[in-house]
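Reviewing the structure listed below.
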Amino acid sequence: MSKREPLRVAVIGGGFCGAFFAAQLAEYSTVPLAISVIEPRARLGGGIAYSSEDPAHRINVPASRMVLFAERPEDFNAWLRRGTELDDDPEAVWQDGAVFPRRAAFGRYVAELIAIR
Ligand SMILES: Cc1cc2nc3c(=O)[nH]c(=O)nc-3n(C[C@H](O)[C@H](O)[C@H](O)COP(=O)(O)OP(=O)(O)OC[C@H]3O[C@@H](n4cnc5c(N)ncnc54)[C@H](O)[C@@H]3O)c2cc1C
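When the letters of the sequence shown are read in order and numbered with the numbering used here, they come out as residues 2 to 118.
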């Protein structure tokens, strides 16, 4: 029996959607895949919105609404709380406890999710 060659998939653009799509494809495909993500930025997952390193650029909804996994809606919030992103950013936590981190923090969260797949 000959070994099955992986299907080759190229994703053009590894910003938020492209990189997360590639990660999901790798996780859920039922056939072997060789996935290439073509992205000029150094880091996958950030794209225009979440590559900004300007500390004034924040996500525009609370972290609890930046949901990538329906079954784990608090995943980003939990990632923020157990990491160091908020250590030098007390302004991220609003009076009601909602967290509005810098956009780059979400980019690093997405990049980390992709890296472990
Ligand atoms: C400034 C800004 C702030 C936002 N803030 C929020 C927010 O706080 N909360 C929220 O819910 N939504 C926010 N959004 C909306 C949402 O995050 C975006 O719609 C989403 O990130 C878009 O993802 P994308 O993959 O379509 O684009 P991107 O993540 O920008 O990915 C496109 C990628 O394609 C790459 N690319 C471009 N040309 C080429 C090429 N020729 N070859 C290969 N690669 C190429 C780029 O480098 C980029 O990485 C924001 C959007 C913007 C623009």
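In this text, a Cβ means the ideal position worked out from N, Cα and C, and glycines have one as well.
Between which two residues does the beta strand (DSSP E) carrying residue i extend?
i: Ala11; result: 8 to 13
i: Leu34; result: 34 to 39
In whole angstroms, give me the CA-to-CA distance for residue i and residue j.
i: Gly14; j: Val38; result: 7 Å
i: Trp80; j: Leu34; result: 29 Å
i: Tyr51; j: Phe107; result: 6 Å
i: Pro7; j: Asp89; result: 45 Å
i: Ala20; j: Asn78; result: 20 Å
i: Asp55; j: Val10; result: 34 Å
i: His58; j: Arg5; result: 47 Å
Taking the DSSP output, what are the residues bridged to residue i?
i: Val100; result: Val94
How is residue i classed by DSSP in three states: helix, strand or coil?
i: Arg59; result: strand
Under DSSP, the alpha helix (DSSP H) around residue i begins and ends at which residues?
i: Ala43; result: From DSSP, Ala43 is part of no alpha helix (DSSP H); its letter is neither H nor E.
i: Phe17; result: 17 to 29
> Would the segment 65 to 84 and the segment 28 to 36 be scored as touching if the rule is three or more Cβ pairs under 8 Å?
Replying inline: no
> Between the segment 100 to 107 and the segment 55 to 64, do three or more beta carbon pairs fall short of 8 Å?
Replying inline: yes
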